[in-house]
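Notes follow once the structure below has been shown.
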Amino acid sequence: MSAVGLRSGQVADAAGVNIQTLRYYERRGLLAEPDRSPGGHRLYGEEAVTVLRVIKAAQRLGFTLEEVAELLEAGRHRHGRRVAGLQERAVAKLAEVDAKIADLYTIRAALLSAVDAGCDDLTVCASMPSCPLPFTALAEENRHTGPCC
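For the sequence shown, position 34 matches number 34 in UniProt numbering, and the numbering has no gaps at all.
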């Protein structure tokens with residue numbers, strides 16, 4: 001009787017990852033260790049492809065691998081009841097994203113001001129009091145506080 005399952009390359013291809021990523025996720029415990037064929041080849045079930053796709057999607061949403069591991073672990077131990085995890089983490093991640101967006105708007109406004117002011121030389125611009133970039137404020141701060149550390 002032959003073993004049934006997907007080999008490493010098939011799983012990696014189906015999930016859009018490389019084999020090294022597959023093995024790394026296995027070592028990290030994100031992906032269950034697969035069965036082995038009589039010849040020693042790793043044989044994965046179809047769920048491995050789903051788990052890999054979930055991991056990659058969660059990373060695209062900004063979750064770290066550590067956070068993904070915790071979410072997967074929480075999901076494995078639900079036993080039919082709701083476990084705190086994704087909902088709370090999604091709310092926290094949303095707050096992080098909102099903060100990054102606010103920072104990006106601030107950066108965008110500063111860069112637009114630099115473009116509008118015609119700034120072409122970073123050093124010259126930074127030394128001018130009318131510089132729209134925050135360099136003059138930083139230079140003033142350093143001058144009053146001295147070198148750090």
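Yeah, the Cβ is synthetic: ideal placement off N, Cα and C, and Gly gets one too.
What is the rounded straight-line gap between the Cα of H41 and the Cα of A48?
The residue you call residue 41 lines up with position 41 of the sequence shown. The residue you call residue 48 lines up with position 48 of the sequence shown. Roughly 15 Å separates the two Cα atoms.
Looking only at DSSP bridge pairs, what is L43 linked to?
As a position in the sequence shown, residue 43 is number 43, starting the count at 1. D35, per the DSSP bridge assignment.
Report all residues from its chain with a CB closer than 7 Å to the CB of S8; omit the five preceding and five following residues, and keep chain order.
Counting from 1 along the sequence shown, the entry for residue 8 is found at position 8. Cβ neighbours of S8 beyond the five flanking positions: I19, L22, R42.
With 16 other Cβ atoms within 10 Å as the buried cut-off, status of P34
Within the sequence shown, the letter at position 34 stands for residue 34. So P34 ends up on the buried side.
Looking at L6: is its Cβ nearer than 8 Å to the Cβ of L31?
For this step, residue 6 is matched to residue 6 along the sequence shown. For this step, residue 31 is matched to residue 31 along the sequence shown. Contact: no.
Determine the DSSP secondary structure at G146, reduced to helix, strand or coil.
Against the sequence shown, residue 146 aligns to sequence position 146. Per-residue confidence for G146 stands at a pLDDT of 49, beneath the threshold of 50, marking its modelled position as unreliable; the derived number appears in the next sentence. It is coil, neither helix nor strand.
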